[in-house]
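Q: Below is the structure I would like to discuss, written out as C-alpha cells.
Residue numbers (the UniProt record's numbering): 1 to 306.
In C-alpha cells, the structure reads:
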C-alpha cells in the first residue's frame with residue numbers, strides 16, 4: 001500500500017501562534033484560516049467586508065468551538081486602509097508568526113483604485129507589499145515566522161512586468177493584468193527572501209499556488225470563458241480545502257525553506273497534493289525583481305528595513 005498523501009490532518013500544532021490571513025472570508029483563505037484555527041493558532045481574518053468576515057468567524061466556530069478567531073477590516077485596494085489595518089494589527093499583536101497573503105481579485109472590468117492604480121495590480125501585489133512591510137517590525141525577529149505569498153499558474157500567461165504601463169492605461173486586458181499581478185507576487189517573494197537572508201533575520205518568505213481550484217475568484221468572467229470555467233470546475237477543479245494544502249504546507253511544515261514555491265503534484269500542477277514546483281523562468285530574473293521592488297516602494301511609500 002502506498003504512502004498516504006499529505007493532508008490538512010498533517011498540519012503541526014499551531015498553539016501560541018498568531019496568523020493573519022488576507023481574503024479569508026471565503027475560498028482558499030477561509031479553509032486556510034479554518035485549519036490553522038483547528039490546530040490552535042490565533043487567527044485574524046483580514047477582509048474587506050466585515051459582515052462577511054464575521055459570518056466566516058461564526059462558521060469556523062461551528063467547526064471549532066474553541067477557535068480563537070477575529071476579524072480585521074482590510075481593503076488591499078486602498079493604501080489608507082492598509083495603513084490603518086497594519087497599525088491596528090501591530091498594536092493588537094506584538095508578535096505575528098504567520099502572514100498569508102492570500103486575497104486576490106481577478107478579471108474585473110478596468111477599475112482604478114482611490115490611489116490611482118489598476119485594481120488587480122493594487123490588490124494582488126501593491127496592497128500585500130505594503131501590508132507586509134508595515135507588519136514587518138512584529139515579524140522580523142520572530143523565530144519560525146513566515147510570510148506566505150499565494151501565487152497562481154496564471155503568472156505564466158503574461159510573461160512580463162509591463163513597467164512602461166503598469167496600470168494598463170493604454171490598452172487594458174483583464175487576463176494579462178491578472179497574470180502580471182501574480183508574476184509580481186512571485187518576484188516579490190523571491191526578492192524578499194534574498195533580502196532576509198542577507199539581513200540574517202529568521203523570518204522566511206515562501207510562495208505557493210493552489211492549482212485549478214473551484215472558487216468565486218473568477219466571478220467577473222463572462223461569455224465563452226465563463227462557460228469554459230464551469231466545464232473546468234466540473235471535470236478538473238478541486239475544492240478549496242484541497243487547493244489550500246500547498247499554502248498550508250508552506251506556512252507550517254518544518255522542511256520548508258525560504259524562496260521555495262509549493263504547488264499541487266498532479267498533471268500540469270492543476271490538482272493534487274503539496275510538492276516543490278518551479279515558476280516561470282522570467283520570475284527568477286533578479287534585475288526585474290529588484291526593479292519591481294523599487295517601483296513598489298515608490299508607489300506605496302512603504303520601505304523595508306531589510
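Yeah, the Cβ is synthetic: ideal placement off N, Cα and C, and Gly gets one too. Since the model is a prediction, treat every value here as computed from it, not as a measurement.
1) Going by beta-carbon coordinates alone, are residue 41 and residue 24 separated by less than 9 Å?
2) Rounded to the nearest angstrom, what separates residue 55 and residue 287 at their Cα positions?
3) Give, in chain order, every unbroken run of the alpha helix (DSSP H) that is at least 4 residues long and sits entirely within the region 17 to 76.
4) Would you kindly report the start and end of the unbroken alpha helix (DSSP H) that includes residue 171?
5) Count Cβ pairs between the region 112 to 131 and the region 170 to 187 that sit closer than 8 Å; are there 3 or more?
6) When DSSP labels each residue in this structure, what does residue 112 get in the three-state scheme?
7) Can you list, in chain order, the residues of its chain with a C-beta nearer than 6 Å to that of residue 60? Leave out the 5 residues immediately preceding and following it.
8) Going by DSSP in three states, residue 205 sits in which element: helix, strand or coil?
9) Nearest to residue 292 by CA position, among 77, 121, 51, is which residue?
10) Does DSSP classify residue 153 as helix, strand or coil?
11) What three-state label does DSSP hand residue 261 in the structure shown?
12) Which residues share a DSSP beta bridge with residue 238?
13) In three-state terms, what does DSSP make of residue 162?
14) With DSSP as the reference, identify every bridge partner of residue 102, one or two as the case may be.
15) State the Cα-Cα distance for the pair residue 96 and residue 269, rounded to the nearest angstrom.
16) Among 204, 254, 275, which one has its Cα closest to the Cα of residue 262?
17) Should the region 136 to 149 be called in touch with the region 164 to 174, which here means at least 3 C-beta pairs below 8 Å?
18) Please report the distance separating the alpha-carbon of residue 245 from that of residue 109.
19) Mind reading off the beta-carbon distance from residue 130 to residue 204? Whole number of angstroms is fine, and I expect it under 8 Å.
A: In terms of the structure at hand:
1) Residue 41 is not a Cβ neighbour of residue 24, given a cutoff of 9 Å.
2) Each residue's CA atom was taken as its position, placing residue 55 and residue 287 some 44 Å apart.
3) 27 to 38, 50 to 63
4) Where residue 171 is concerned, there is no enclosing alpha helix (DSSP H), given that its DSSP letter is neither H nor E.
5) yes
6) Here residue 112 sits in strand by DSSP.
7) 34, 37, 67, 69
8) strand
9) 121
10) coil
11) strand
12) 213
13) coil
14) Looking at the DSSP assignment, residue 102 forms no beta bridge with any residue, so it has no partner.
15) 31 Å
16) For residue 262, the closest of 204, 254, 275 by C-alpha to C-alpha distance is 275.
17) Contact between the region 136 to 149 and the region 164 to 174 is absent, because fewer than three Cβ pairs lie under 8 Å.
18) 30 Å
19) Between residue 204 and residue 130 the Cβ distance is about 20 Å, and since that is not below 8 Å, they are no contact.
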